[in-house]
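Have a look at the structure below before the remarks.
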Amino acid sequence: MNKPIIKNTGIRDVQFGENVVVMEPVNLYECKVGDNSFVGPFVEIQRGVEIGSNCKIQSHSFICELVTIGNNCFIGHGVVFINDKMETGPANGDKTKWKKTTIGDNVSIGSNATILPVEICNDVIIGAGAVVTRNIDEPGTFAGNPAKKIH
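For the sequence shown, this note's numbering assigns the number 2 to the initial residue and increments by one for each residue that follows.
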């Protein structure tokens, strides 16, 4: 019987601010998590990600490389960030084709939302299950697929 190659990342090379709470199991590596933030179980935060202060990242969320999240943000359960829009074909790990996502301050993202490479300004609410495909440059509440302003 063949044995798989097992690689454990866990928590490695993370810059934590003061009073950060992390609920294991998680996969956090080469990222930054700001003061007074919370990271729930079954979360993956990849290298280069920066999470601001006073943020709450709920369980089962995935935050890929090239994402920056501001201060006082809430990321609901099962939120997925994407950095490869596969514009030239299937994903192949070519980082030169990946794009950045920037989330402003005071942003709440509802459970099971999907965030493509975009910029979201301060003071925005993203509804549960929304798919954000374009930049959001005005405060308000956005929902749907693709996400549109509803308030």
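The C-beta atom is built at its ideal place from N, Cα and C for all residues, glycine as well.
This structure is a prediction, so every number in the text was calculated from the model and none was measured.
Taking contact to mean 3 or more Cβ pairs, one atom from each stretch, closer than 8 Å, check whether the stretch 27-35 and the stretch 10-19 are in contact. By the Cβ criterion, the stretch 27-35 is in contact with the stretch 10-19, since at least three pairs of Cβ atoms, one from each stretch, lie closer than 8 Å.
Compare the C-alpha of cysteine 56 against each of Asn107, Lys96, Gly128, Thr142 and name the closest. Start at 1 with the first residue of the sequence shown, and residue 56 comes out as number 55. Ranking Asn107, Lys96, Gly128, Thr142 by Cα distance to cysteine 56 puts Asn107 first.
Taking the alpha-carbon positions, what's the serine 60 to glutamate 45 distance? By 1-based counting over the sequence shown, the position of residue 60 is 59. By 1-based counting over the sequence shown, the position of residue 45 is 44. Cα-Cα distance, rounded: 9 Å.
Residue closest to asparagine 123, alpha-carbon to alpha-carbon, out of Lys4, Val80, Phe39, Asn72: Numbered from its first residue, the sequence shown carries residue 123 at position 122. Distances from the CA of asparagine 123 to each of Lys4, Val80, Phe39, Asn72 were compared; the closest alpha carbon is that of Asn72.
DSSP on threonine 134, reduced to helix/strand/coil? The count along the sequence shown starts at 1 and reaches residue 134 at position 133. It is coil, neither helix nor strand.
Taking the runs of the beta strand (DSSP E) that are 3 residues or longer, which of them lie wholly in the stretch 50-103? The stretch 50-103 contains these whole beta strand (DSSP E) runs: 68-70.
Measure the CB-CB distance between serine 112 and valine 80 and report whether it falls below 8 Å. To locate residue 112, count along the sequence shown from 1; it is residue 111. To locate residue 80, count along the sequence shown from 1; it is residue 79. Their beta carbons are under 8 Å apart, which means serine 112 touches valine 80 by this criterion.
Can you look up asparagine 37 in the DSSP assignment and give me helix, strand or coil? Sequence index remark: in the sequence shown, residue 37 carries index 36 (1-based). Assigned with DSSP and collapsed to three states, asparagine 37 falls in coil, not helix or strand.
For the beta strand (DSSP E) that isoleucine 127 lies in, which residues bound it at each end? What you label residue 127 is simply residue 126 of the sequence shown in a count that begins at 1. Isoleucine 127 -> beta strand (DSSP E) spans 125-127.
If we count the other Cβ atoms within 10 Å of its Cβ and call it buried at 16 or more, is isoleucine 104 buried or exposed? Position 103 of the sequence shown, counted from the start, is the residue given in the question as residue 104. Buried is the call here.
Nearest candidate by alpha-carbon position, reference isoleucine 58, set Phe82, Gly49, Leu67: For the purposes of this step, residue 58 is taken as the residue at position 57 of the sequence shown. Nearest in C-alpha terms to isoleucine 58, of all of Phe82, Gly49, Leu67, is Phe82.
Element boundaries [beta strand (DSSP E), containing glycine 141]: Indexing the sequence shown from 1 puts residue 141 at position 140. 141-144 is the extent of the beta strand (DSSP E) around glycine 141.
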